[in-house]
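Participant:
Residue numbers (the numbering used here): 1180 to 1286.
1. Given a cut-off of 7 Å on the beta-carbon distance, is the pair residue 1227 and residue 1196 in contact?
2. Look up residue 1225 in the DSSP assignment and say whether it is helix, strand or coil.
3. Alpha carbon to alpha carbon, how far is residue 1251 from residue 1236? Give it in angstroms, no decimals.
4. Taking the straight line between their C-alpha atoms, what separation do you get for residue 1185 and residue 1248?
5. So residue 1249 is in the beta strand (DSSP E); what residue range does that whole segment cover?
6. Report back the beta-carbon spacing between residue 1255 and residue 1219 to the nearest angstrom; my notes put them in contact at under 8 Å.
7. For residue 1216, collect the residues of the same chain with a Cβ closer than 8 Å to its Cβ; drop the 5 residues on either side in sequence, then sort them by chain order.
8. Does residue 1190 pass the burial test, meaning 16 or more other C-beta atoms within 10 Å, or should it be called exposed?
9. Considering residue 1201, what are the terminal residues of the alpha helix (DSSP H) in which it resides?
10. Please state if the CB of residue 1193 and the CB of residue 1199 are separated by a distance shorter than 7 Å.
11. Tell me the residue span of the beta strand (DSSP E) that contains residue 1193.
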């Protein structure tokens, strides 16, 4: 029997966003604690051959190094740019990831 490859859809991790802890009542004392927890949970669930569609707001502006975080995350990642994601084209290209950008009225 072959390896089962799963497909996931997710959004709004907000890595590097300190205020999201307060605004969304996330149970963390620091952004570093939150980010490490999210990375651990991601890798506990997502396998290296799984595919993940990230539907925006993976990162908060330039608060974190996209390439560092993406390199630590399992799976084949396809990023759809959210309103809090700044241009991450370089990091995505370097890591052979896909990033899609679209504009919505007002954003």
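Beta carbons: idealized from backbone N, C-alpha and C, even for Gly.
Facilitator: Considering the structure as presented:
1. Position 48 of the chain shown, counted from the start, is the residue given in the question as residue 1227. Position 17 of the chain shown, counted from the start, is the residue given in the question as residue 1196. No, they are not a contact pair.
2. Locating residue 1225 in the chain shown gives position 46, where the first residue counts as 1. Reduced to three states, the DSSP call for residue 1225 is coil.
3. Indexing the chain shown from 1 puts residue 1236 at position 57. Indexing the chain shown from 1 puts residue 1251 at position 72. C-alpha separation (whole angstroms): 17 Å.
4. Numbered from 1 along the chain shown, position 6 holds the residue referred to as residue 1185. Numbered from 1 along the chain shown, position 69 holds the residue referred to as residue 1248. Using only the alpha carbons, I get a separation of about 21 Å.
5. Reading the chain shown from its first residue, position 70 is the one you call residue 1249. Where residue 1249 is concerned, there is no enclosing beta strand (DSSP E), although the alpha helix (DSSP H) it sits in stretches over 1245-1251.
6. Locating residue 1255 in the chain shown gives position 76, where the first residue counts as 1. Locating residue 1219 in the chain shown gives position 40, where the first residue counts as 1. That pair is no contact at about 20 Å.
7. Counted from its first residue, the chain shown places residue 1216 at position 37. Excluding positions up to five away in sequence, the list reads 1207.
8. Here residue 1190 refers to the residue found at position 11 of the chain shown. Burial call: exposed.
9. What you label residue 1201 is simply residue 22 of the chain shown in a count that begins at 1. 1198-1202 is the span of the alpha helix (DSSP H), which, as asked, contains residue 1201.
10. Within the chain shown, numbered from 1, the residue matching residue 1199 stands at position 20. Within the chain shown, numbered from 1, the residue matching residue 1193 stands at position 14. Their beta carbons are under 7 Å apart, which means residue 1199 touches residue 1193 by this criterion.
11. What you label residue 1193 is simply residue 14 of the chain shown in a count that begins at 1. Run containing residue 1193: none; DSSP gives neither H nor E here.
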